[in-house]
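Novice:
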Amino acid sequence: MLPQHKTGLLERNKTRANDGAKMIMVLMGVCLVVYIMARPLYWHFAEVLSSSFSCPPCFCDCNSEPLFSVPLDCMRHDLDVIDNEQKSFMELLSDELKLKEAEAEENLRRADMALLEAKKTTSQYQKEADKCNSGMEYCEEAREKAEAIVEAQKRLTAMWELRARQRGWKESDT
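Numbering of the sequence shown is given in numbering that gives the first Met the number 0, commencing with residue 0 and proceeding in unit increments.
1) Under a three-way DSSP split, which group does Gly134 fall into?
2) Per DSSP, what kind of secondary structure is Gly167 in: helix, strand or coil?
3) Alpha carbon to alpha carbon, what distance is there between Val80 and Met74?
4) Between which residues of its own chain and Arg162 is the CB-CB distance below 7 Å, once the five residues before and five after are set aside?
5) Would you report the Cα separation of Glu146 and Glu140, rounded to the nearest angstrom?
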């Protein structure tokens, strides 16, 4: 058994260790909450701030009329700016159409080349197939002729064997 003063010291050290662990856990929890919540809050505040500063004030000669009427001067557009914007937009569309047309022509050229190559390959395979078929026909004719010759030889052999047997030949004589 430990003396009384050492037991109290151990209990205080355990309490301090537990308190330290609790503090670390609380600190980790706070860091985790800040990490999770910081991004959405940042984007929310950034959006609020940018929306409040994004639109410059309208400088126009507006007299103080009722709030519901919109002054004509504020709605007037600069025709030169609109004209330039339309021209640049049309130029962009024209350029894009030219690019698309060039791309389509290139794709068509590639497809034509592939089709021509496929036709050449098909023609070559057809020639090879014709050669193979004519070779097969020649082989078939030669086989039929060989079978006919073998059949004729069998008949001739059978006839000679029959004559030999009629004259007294036996197989064991040879």
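Yeah, the Cβ is synthetic: ideal placement off N, Cα and C, and Gly gets one too.
What you are looking at is a predicted structure, and each value in this text was computed from that prediction instead of being measured.
Specialist: Answer, in terms of the structure:
1) Correct three-state label for Gly134: helix.
2) Correct three-state label for Gly167: coil.
3) Interpretation of Met74 is limited by its pLDDT of 49, a score under 50 that renders its predicted location unreliable; no figure is taken from the coordinates.
4) In its own chain, leaving out the 5 sequence neighbours on each side, no residue places its CB closer than 7 Å to the CB of Arg162.
5) Roughly 10 Å between the two C-alpha positions.
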